[in-house]
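Data first, discussion second: the structure below is written as structure tokens.
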Amino acid sequence: MRTMVATVFGLALAACSVDDAESQNAAAPGDRPFKTSVIADFDSPWAMTFLPDGRALITEKAGEMILFDPKNGTKIPVGNMPKVDSAGQGALMDVVLDPQFAQNKTVYFSFSESGPGGKGVALAKGVFNQTSNGETKLDGVTTIFRATPYVDGNGHYSGRIAFSPDGQYLFFTNGERQKFDPAQDPKATLGKVLRLNLDGTPAAGNPLAAKGFHPAVWSYGHRNLLGIAFDKDGRLWEQEMGPKGGDEINLIKPGLNYGYPKASNGDHYDGKPIPDHNGHDGFEAPKVWWNPAISPAGLLYYSGDLFPQWKDSLFLGGLSSQSLVRVKLNGDTASKADQWDMDARIREVEQGPDGALWLLEDGGRGSQGRLLKLTPAG
Ligand SMILES: [Ca+2]
Ligand SMILES: [Ca+2]
1 MRTMVATVFG LALAACSVDD AESQNAAAPG DRPFKTSVIA DFDSPWAMTF LPDGRALITE
61 KAGEMILFDP KNGTKIPVGN MPKVDSAGQG ALMDVVLDPQ FAQNKTVYFS FSESGPGGKG
121 VALAKGVFNQ TSNGETKLDG VTTIFRATPY VDGNGHYSGR IAFSPDGQYL FFTNGERQKF
181 DPAQDPKATL GKVLRLNLDG TPAAGNPLAA KGFHPAVWSY GHRNLLGIAF DKDGRLWEQE
241 MGPKGGDEIN LIKPGLNYGY PKASNGDHYD GKPIPDHNGH DGFEAPKVWW NPAISPAGLL
301 YYSGDLFPQW KDSLFLGGLS SQSLVRVKLN GDTASKADQW DMDARIREVE QGPDGALWLL
361 EDGGRGSQGR LLKLTPAG
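Printed below as a string of structure tokens:
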């Protein structure tokens, strides 16, 4: 009896939703499957991650890390953060939890700093500690890896972090610092995806070490790598802000050369052409690229249940495009799926404990730095 009622209801709902979908398509093309709630306001936020208890760590560009509780809106600054050089594109950048966080309370984060030779991006870790009076800090903060070399300028640091699915390795992105050629320089970590041990030392067995590359290098020929994420099958996906008309999604494989600045489907912003990828130039071509640019920021592999239609998708924020972008994966291939206008530069996309999508607006160019929560439209 119960089953029958459910079936009848199911049919009725299915009929309704077809009608609704058709009328909505006629009236409002591109209608979105989510509703957006404004949760909080931050000062140029850059990245976020959720703690197991549902609170979140959120980084702000100028160097503050904030412990935020979505249940009551409480914000507590996290103490002991290092000095950040946040000029230009510099920032306190990514923040991720150790996969064993429940046991070891370890937090990894990245930031730009001044040092010998100029500036560069660094990776650090510390132990989360909240005392009974609420005071919150990272204990034993240690910088465990620094890009090499440090150079002048304030651009293309990258600085995104991802753990391998087995929890044994840290993948860390170093941008080419708007210097172009370092992306092809074997000795520089600039313009590279790196694979590190959890103490920041280069992982043994990296694919190019025997060829004279810096021992941390996993792949090379990248520009400004602003997102990195593993999918459910252990593939490593990366997005990078390319030259004009050359923003990319890449499937990262060990030892491969992704071409920059020798090959790109875009061209230099000063108008100088760059040969397009052609499949037989020795460079790994992107799986998806955008022209005109979307200016991607952040990369999330969606694994939640709240939006079942989004299974096996990548999400990117769009800066210049002021959008949220979905890319559908299918094995080793990827294709553009959705691009929703968000009326603000989107810097970060994160998945919440219940499968909701959380976005951080950038603080620049009129955007307000808000934290947004996306849940299914009613
Ligand atoms: Ca994040
Ligand atoms: Ca080109």
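Our numbering puts the first residue of the sequence shown at 1, with every later residue one more than the last. Glycine included, C-beta positions come from ideal geometry on N, C-alpha and C. This structure is a prediction, so every number in the text was calculated from the model and none was measured.
Inter-residue Cα distance where the pair is residue i and residue j
| i | j | result |
| --- | --- | --- |
| GLY255 | ALA91 | 29 Å |
| GLN178 | LYS119 | 12 Å |
| PHE163 | ILE274 | 33 Å |
| PRO149 | TYR157 | 12 Å |
| ASN206 | THR375 | 41 Å |
| TYR302 | ARG365 | 28 Å |
| LEU138 | MET65 | 10 Å |
| ILE144 | ALA377 | 43 Å |
| VAL96 | GLY317 | 18 Å |
| SER112 | GLU60 | 12 Å |
| GLY352 | LYS272 | 42 Å |
| LEU371 | ASP270 | 35 Å |
| ILE58 | THR106 | 15 Å |
| GLY167 | ILE252 | 18 Å |
| GLU361 | ALA210 | 42 Å |
| TRP289 | ASP199 | 34 Å |
| SER295 | ARG55 | 29 Å |
| VAL327 | GLY159 | 22 Å |
| ALA40 | LEU314 | 24 Å |
| ARG347 | GLY279 | 31 Å |
| PHE101 | ASP276 | 43 Å |
| GLN184 | PHE213 | 10 Å |
| PRO292 | PRO70 | 36 Å |
| LYS75 | GLN103 | 24 Å |
| ALA297 | ALA124 | 21 Å |
| GLY234 | PRO52 | 22 Å |
| PRO215 | ASN197 | 12 Å |
| GLY115 | THR142 | 16 Å |
| PHE42 | LEU306 | 26 Å |
| LYS311 | ASN224 | 27 Å |
| ASN250 | THR131 | 43 Å |
| PRO186 | MET342 | 40 Å |
| LYS287 | LEU226 | 16 Å |
Counted within 10 angstroms of its Cβ, other Cβ atoms place residue i as buried (16 or more) or exposed
| i | result |
| --- | --- |
| PRO390 | What the structure shows of the chain is the stretch from 1 to 378, and residue 390 is not part of that stretch, so it cannot be assessed. |
| PRO201 | The identity of residue 201 in the sequence shown is Thr, whereas the question assumes Pro. Exposed: under 16 other Cβ atoms inside 10 Å. |
| GLY175 | buried |
| LYS232 | exposed |
| PRO182 | buried |
| TRP133 | First, the amino acid is wrong: residue 133 is Asn here, not Trp. By the neighbour-count rule (16 or more Cβ atoms within 10 Å), ASN133 is not buried but exposed. |
| ALA87 | exposed |
| GLU135 | exposed |
| VAL84 | buried |
| LEU173 | Sequence inspection shows Thr at residue 173; the Leu mentioned does not correspond to that position. It counts as buried. |
| ASN72 | exposed |
| PRO261 | buried |
| GLY126 | buried |
| ALA121 | Looking at the sequence itself, residue 121 is Val, so the reference to Ala does not match. Buried, by the Cβ-count rule. |
| VAL381 | Coverage of the chain is limited to positions 1 through 378, which leaves residue 381 absent and any answer about it impossible. |
| GLN322 | buried |
| SER335 | exposed |
| SER37 | exposed |
| GLN89 | buried |
| GLN239 | buried |
Proximity test, Cβ basis, 7 Å: residue i and chain D
| i | result |
| --- | --- |
| ARG177 | Looking for chain D here will not work: only one protein chain is present. |
Beta-carbon separation (whole angstroms), residue i vs residue j, contact threshold 8 Å
| i | j | result |
| --- | --- | --- |
| PHE50 | GLU350 | 7 Å |
| LEU299 | ILE228 | 6 Å |
| TRP340 | LEU359 | Not really, about 10 Å apart at Cβ, beyond 8 Å. |
| ALA344 | GLN368 | 7 Å |
| TYR169 | ALA203 | 5 Å |
| ASP98 | ILE161 | Contact doesn't hold; Cβ gap of about 11 Å is too wide. |
| GLY304 | GLY363 | Rounded, the Cβ-Cβ distance is 27 Å, inconsistent with contact. |
| MET195 | PHE171 | According to the sequence displayed, residue 195 carries Arg and not Met. 6 Å between Cβ atoms; contact. |
| MET81 | GLY63 | 6 Å |
| PHE230 | PRO308 | Rounded, the Cβ-Cβ distance is 21 Å, inconsistent with contact. |
(request) Take every Cβ of the region 318 to 334, pair it with every Cβ of the region 264 to 283, and state whether three or more of those distances are shorter than 8 Å. (result) Contact between the region 318 to 334 and the region 264 to 283 is absent, because fewer than three Cβ pairs lie under 8 Å.
(request) Pick out the complete beta strand (DSSP E) segments inside the region 286 to 369, 3 residues or longer, and give them in chain order. (result) Within the region 286 to 369, the complete beta strand (DSSP E) runs of at least 3 residues are 288 to 290, 296 to 301, 313 to 318, 323 to 330, 333 to 341, 346 to 351, 357 to 361.
(request) Taking only runs that begin and end inside the region 145 to 228, name each unbroken beta strand (DSSP E) of 3 or more residues, in chain order. (result) Entirely contained in the region 145 to 228, the beta strand (DSSP E) runs reaching 3 residues are, in chain order, 158 to 163, 170 to 174, 192 to 196, 217 to 220.
(message) Counting beta carbon pairs with one atom in the region 231 to 249 and one in the region 261 to 279, are three or more of them shorter than 8 Å?
(response) Yes, they touch.
(message) Restricting to runs no shorter than 3 residues, where is the beta strand (DSSP E) found entirely within the region 46 to 125?
(response) For the region 46 to 125, the continuous beta strand (DSSP E) assignments of 3+ residues that do not extend past its boundaries occur at 56 to 60, 65 to 69, 74 to 77, 92 to 97, 106 to 115, in sequence order.
(message) If contact is defined by three or more beta carbon pairs under 8 Å, each pair taking one atom from either stretch, is the region 183 to 191 in contact with the region 220 to 232?
(response) By the C-beta criterion, the region 220 to 232 is judged to be in contact with the region 183 to 191, since at least 3 inter-stretch pairs fall below 8 Å.
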